[in-house]
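Q: Here's a structure for you.
In our numbering, the protein residues as written are 11 to 819.
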């Protein structure tokens with residue numbers, strides 16, 4: 011089996027891109043429509059699911075069952091005010107599930123089905139995985155998926171669940187702007203050395219539905235994210251909505267038609283204003299918009315200028331500028347500290363966006379990167395770095411955790427029950443150790459402490475079990491490892507009980523080493539491309555000092571024993587059981603899609619054969635003469651009725667029905683095609699045989715003329731050749747006569763196969779004779795009379811002989 015491929019997926023709200031790391035660099039994969047971008051669209055029909063490009067193509071005709079924009083629903087509850095605001099963009103039905111989650115109601119296989127946004131996302135991932143497998147012809151498992159930097163724990167967990175349902179192994183959820191920064195930095199040859207002042211670059215990603223900005227510091231071989239700023243409610247689609255609303259108003263005034271009352275009309279208007287917006291980026295002249303058969307079978311038209319568009323969308327541009335200014339504040343940079351501003355995302359093509367960047371940073375926006383594919387390329391690079399299957403240039407990536415995270419617990423006496431574990435823009439991935447003194451099980455809660463674009467600050471709750479007092483009834487020392495992992499998810503990674511015992515000296519040294527070793531391993535395990543902060547309380551410090559005292563006094567030492575404690579976690583995301591149920595459901599839907607594809611392929615194959623055969627049987631076409639008149643008219647009638655059947659009751663039959671009908675039809679059609687093929691290729695086969703006979707006769711004539719080439723053959727041999735040639739010629743002439751008198755619509759008495767066999771039989775007789783090699787002549791030994799002095803005459807001396815041999819060599 012071929013080696014596994016590693017891919018990067020840019021999962022966008024409007025479209026997705028897939029990139030792959032190969033020996034020659036990074037490539038973006040084209041889908042089955044030869045497009046690099048695959049729309050984030052999933053549609054449902056009575057027979058199957060329609061995914062990607064095909065789903066978008068039928069959006070207007072199958073509006074209620076075409077789901078898009080679902081990236082924004084991941085990990086959220088139905089009554090989330092943000093979701094309620096989103097719902098007005100969707101023509102499909104969204105409802106509340108019993109657990110308060112979001113359900114998307116569609117008609118699939120002729121019945122009502124409710125899917126979660128995670129399941130819909132998994133369906134899209136299934137399609138992306140299939141595109142990659144088809145393009146690369148290797149199995150796909152490991153991948154890195156892009157995620158907006160502003161996503162919270164709940165949304166990140168939901169995205170991982172979706173990938174899990176689709177059978178993808180996610181090595182990392184990578185922040186979109188960080189992926190862009192990696193794609194930019196890894197090929198740069200002019201980065202400052204590690205000890206020099208870093209090169210600061212700002213990345214602006216202004217996409218279809220959100221805006222992300224990040225400031226990064228680059229040195230040779232490494233990139234460090236300094237800070238991020240974002241606006242999840244500011245994107246290209248907000249410009250589309252503002253323009254659509256403007257034209258809605260204009261059409262009410264001009265035509266008395268209100269597109270808001272007709273979802274299909276409004277969807278078409280949105281598609282038209284998006285095209286207009288793209289044209290405006292290149293033109294400052296007044297541009298027209300025309301929609302035929304818009305509503306009530308009436309056409310509408312209007313026009314707009316770029317300056318008007320900028321006024322209509324002023325609010326979006328104000329929000330954009332606010333996020334740009336926020337990055338300077340968050341990263342503590344001045345415009346002059348910034349080397350360049352790189353832009354990606356479709357909406358950065360708008361001239362107003364470029365001029366705002368210039369105003370804020372005093373620099374022209376730079377377009378070094380591919381605006382649509384940079385994120386996918388960065389993800390593919392990161393995947394190659396994390397996968398053991400591929401070797402890549404060393405490049406370390408240190409990201410940040412965008413929000414401040416606090417931890418709360420049931421406080422013991424004199425304790426504060428709450429602390430900030432990670433301030434905003436703290437490095438990630440990262441671990442911190444916290445020490446507690448407890449006599450019984452306890453729980454800790456993590457939550458976001460600053461403003462986040464999510465209604466619920468809760469991250470998770472962890473119950474630390476099996477904690478009990480020491481034999482003296484004292485509190486035990488419990489260490490918690492709190493971690494921002496590689497996906498940007500906050501978790502309590504482990505809890506351990508630290509026990510101390512007095513013991514004999516030699517034993518304790520051994521135990522100490524083991525303990526040190528374990529700590530070393532832990533540090534190595536934590537590093538994972540980031541720094542490690544062992545946040546030890548003063549208690550640990552005291553422990554160190556005690557050890558020092560003990561060492562100097564050479565007294566009994568302390569054995570430190572660590573016991574892992576079980577943890578019960580309550581966080582966002584599906585349980586193992588739910589995930590398994592959804593994976594099973596996805597598997598069944600994939601099987602249904604495959605079955606439907608095979609059925610459609612069988613129907614298409616039959617339809618194609620009907621058209622092809624009927625076309626070739628008509629007057630003047632290639633098969634017309636190779637079938638008798640009565641047979642032809644019967645066959646054409648059969649083909650006509652088969653076509654009629656295909657569009658009536660044959661519209662929706664099982665695959666086998668189409669296959670059987672095709673086999674039946676082939677038994678009629680193939681012999682006709684075969685007769686034509688025989689007719690076309692036969693002259694060549696006959697001429698080849700004639701040439702073979704001619705060559706044999708030529709050999710006989712040369713022998714008779716005393717040609718030295720055949721002087722070693724006997725009369726008997728030549729007699730055999732001559733007879734074989736005579737018999738072959740007789741057969742060939744008879745065959746030519748017979749074939750010339752056989753009508754084209756009848757099967758010939760002599761097939762090409764037979765002619766070639768006769769030729770082969772003939773050549774097997776004559777070729778071994780005519781190609782028989784001549785016997786080698788025996789050479790007599792040379793006379794060698796010896797001279798009087800015992801030296802042979804005319805024999806060169808040894809020196810001469812060597813000289814001659816050397817010359818030959």
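Cβ atoms here follow ideal geometry from the backbone N, Cα and C, with glycine treated the same way. For clarity, every value in this text was computed on a predicted model and none was experimentally measured.
Using 8 angstroms as the threshold, is the region 627-639 in touch with the region 582-591, meaning 3 or more CB pairs across them?
A: With fewer than three CB-CB distances shorter than 8 angstroms, the region 627-639 does not count as touching the region 582-591.
Q: When you compare only the Cα positions, how much space is there between residue 475 and residue 572?
A: Sequence index remark: in the chain shown, residue 475 carries index 465 (1-based). Sequence index remark: in the chain shown, residue 572 carries index 562 (1-based). Taking the straight line from one Cα to the other gives about 15 angstroms.
Q: Output the distance between the C-alpha atoms of residue 908 and residue 294, rounded to the nearest integer angstrom.
A: A query on residue 908 cannot be resolved here, the shown segment of the chain reaching from 11 to 819 and no further.
Q: Can at least three beta-carbon pairs, one atom from the region 159-169 and one from the region 195-208, be found at a separation below 8 angstroms?
A: Segments in contact, no.
Q: Based on Cα-Cα distance, which residue from 42, 465, 394 and 24 lies nearest to residue 14?
A: Position 4 of the chain shown holds residue 14. Cα-wise, what sits closest to residue 14 is 394.
Q: Just to confirm, is the Cβ distance from residue 702 to residue 773 under 9 angstroms?
A: Within the chain shown, numbered from 1, the residue matching residue 702 stands at position 692. Within the chain shown, numbered from 1, the residue matching residue 773 stands at position 763. Taking 9 angstroms as the Cβ cut-off, residue 702 and residue 773 qualify as a contacting pair.
Q: For residue 234, I'd like the list of residues in its chain whose CB is within less than 6 angstroms of its CB, leaving aside the five on either flank, ordered along the chain.
A: Counting from one through the chain shown, the residue named residue 234 turns up at place 224. Here the set comprises 227 and 408.
Q: In whole angstroms, what is the alpha-carbon distance linking residue 129 and residue 599?
A: Looking up residue 129 in the chain shown gives position 119. Looking up residue 599 in the chain shown gives position 589. Near 11 angstroms, if we compare the C-alpha coordinates of residue 599 and residue 129.
Q: Of all the beta strand (DSSP E) runs that stay within the bounds of the region 202-278, which reach a length of 3 or more residues?
A: 209-216, 221-229 and 232-241
Q: Name the DSSP bridge partner or partners of residue 472?
A: On the chain shown, residue 472 is found 462 positions in, with the first residue counted as 1. Looking at the DSSP assignment, residue 472 forms a beta bridge with 454 and 579.
Q: Which residues in the same chain have their Cβ closer than 7 angstroms to the Cβ of residue 410, if we skip the five residues on either side of it in sequence?
A: Residue mapping note: residue 410 aligns to position 400 of the chain shown, counting from 1. If we look at residue 410 and ignore the five residues flanking it on each side, its Cβ neighbours are 235, 237, 238, 435, 436, 437 and 438.
Q: Any chance you could list the alpha helix (DSSP H) runs of at least 4 consecutive residues sitting entirely within the region 656-721, in chain order?
A: 665-714
Q: Restricting to runs no shorter than 3 residues, where is the beta strand (DSSP E) found entirely within the region 384-442?
A: 406-411, 415-419, 428-432 and 436-438
Q: Does DSSP classify residue 179 as helix, strand or coil?
A: Stepping through the chain shown from its first residue, residue 179 is reached at position 169. Here residue 179 sits in strand by DSSP.
Q: Secondary structure at residue 285, three-state DSSP: helix, strand or coil?
A: Taking the first residue of the chain shown as 1, we reach residue 285 at position 275. Residue 285: helix per DSSP, three-state reduction.
Q: Can you name the start and end residues of the beta strand (DSSP E) that residue 66 belongs to?
A: As a first step, residue 66 is located in the chain shown; it is residue number 56 there, counting from the start. No beta strand (DSSP E) contains residue 66, which is instead part of the alpha helix (DSSP H) from 63-67.
Q: Kindly indicate which three-state DSSP category residue 152 falls into: helix, strand or coil?
A: Translated into the one-based positions of the chain shown, residue 152 becomes position 142. Annotated three-state conformation of residue 152 is strand, per DSSP.
Q: By Cβ distance below 6 angstroms, which residues in the same chain neighbour residue 503 in space, the five residues on each side in sequence not counted?
A: Working through the chain shown from its first residue, we reach residue 503 at position 493. For residue 503, where only same-chain residues beyond five positions count, the Cβ hits under 6 angstroms are 491 and 493.
Q: Run through DSSP, which three-state label would residue 785 get?
A: As a first step, residue 785 is located in the chain shown; it is residue number 775 there, counting from the start. Residue 785: coil per DSSP, three-state reduction.
Q: For a test of the three-state rule: what should DSSP assign to residue 25, helix, strand or coil?
A: Here residue 25 is taken as the residue at index 15 of the chain shown, counted from 1. DSSP places residue 25 in strand when its eight states are reduced to three.
Q: My understanding is that residue 358 touches residue 214, with C-beta atoms under 8 angstroms, so please give their C-beta distance in whole angstroms.
A: Locating residue 358 in the chain shown gives position 348, where the first residue counts as 1. Locating residue 214 in the chain shown gives position 204, where the first residue counts as 1. Rounded, the Cβ-Cβ distance is 6 angstroms, consistent with contact.
Q: For residue 197, does the three-state DSSP call read helix, strand or coil?
A: Along the chain shown, read from residue 1 onward, the residue named residue 197 stands at position 187. It is coil, neither helix nor strand.
Q: Measuring CB to CB, does residue 284 end up less than 9 angstroms from residue 20?
A: Reading the chain shown from its first residue, position 274 is the one you call residue 284. Reading the chain shown from its first residue, position 10 is the one you call residue 20. For residue 284 and residue 20, no; Cβs fall outside 9 angstroms.
Q: To the nearest angstrom, report how far apart residue 368 and residue 188 are at their CA atoms.
A: The count along the chain shown starts at 1 and reaches residue 368 at position 358. The count along the chain shown starts at 1 and reaches residue 188 at position 178. Looking at the two C-alpha atoms, the distance is approximately 22 angstroms.
Q: Once DSSP output is grouped into helix, strand and coil, what is the label at residue 531?
A: Taking the chain shown and counting its residues from 1, one reaches residue 531 at position 521. Only weak support is given to the placement of residue 531: the predicted model assigns it a pLDDT of 30, under 50, and the value that follows is read from those uncertain coordinates. The answer is helix: DSSP assigns residue 531 an H, G or I state.
Q: Identify which residue in 254, 645, 785 and 696 has its Cα closest to the Cα of residue 682.
A: In the chain shown, residue 682 corresponds to position 672, counting from 1. Checking every option, the nearest Cα to that of residue 682 belongs to 645.
Q: What do you reckon, are the CB atoms on residue 31 and residue 379 nearer than 9 angstroms?
A: Taking the chain shown and counting its residues from 1, the one referred to as residue 31 is at position 21. Taking the chain shown and counting its residues from 1, the one referred to as residue 379 is at position 369. No, Cβ-Cβ distance for residue 31 and residue 379 is not below 9 angstroms.
Q: Would you give the residue range spanned by the alpha helix (DSSP H) that residue 122 belongs to?
A: Taking the chain shown and counting its residues from 1, the one referred to as residue 122 is at position 112. Residue 122 -> not in any alpha helix (DSSP H); beta strand (DSSP E) instead, spanning 121-125.
Q: Please list the terminal residues of the continuous beta strand (DSSP E) segment that includes residue 105.
A: By 1-based counting over the chain shown, the position of residue 105 is 95. 103-106 is the span of the beta strand (DSSP E), which, as asked, contains residue 105.
Q: What would DSSP say about residue 548, mapped onto helix, strand or coil?
A: Taking the chain shown and counting its residues from 1, the one referred to as residue 548 is at position 538. With a pLDDT of 28 at residue 548, under the threshold of 50, the modelled position of that residue is not reliable, and no figure is offered here.
Q: Whole-angstrom Cβ separation of residue 419 and residue 459, contact assumed at under 8 angstroms?
A: Along the chain shown, read from residue 1 onward, the residue named residue 419 stands at position 409. Along the chain shown, read from residue 1 onward, the residue named residue 459 stands at position 449. That belief does not hold up - the Cβ atoms of residue 419 and residue 459 are roughly 15 angstroms apart, past 8 angstroms.
Q: Could you tell me which of 489, 461 and 426 sits nearest to residue 442, measuring between CA atoms?
A: Against the chain shown, residue 442 aligns to sequence position 432. For the residues 489, 461 and 426, the minimum Cα distance to residue 442 belongs to 489.
Q: So is residue 182 buried or exposed if we call it buried at 16+ other beta carbons inside 10 Å?
A: Here residue 182 is taken as the residue at index 172 of the chain shown, counted from 1. Counting Cβ neighbours within 10 Å, residue 182 comes out buried, since at least 16 surround it.
Q: Hey, how far is the Cα of residue 89 from the Cα of residue 110?
A: Position 79 of the chain shown, counting from 1, holds the residue named residue 89. Position 100 of the chain shown, counting from 1, holds the residue named residue 110. Their Cα atoms are separated by approximately 7 angstroms.
Q: For residue 118, count the other beta carbons within 10 Å of its own beta carbon; 16 or more makes it buried, fewer makes it exposed. Which is it?
A: Reading the chain shown from its first residue, position 108 is the one you call residue 118. By the neighbour-count definition (other C-beta atoms within 10 Å, threshold 16), residue 118 is a buried residue.
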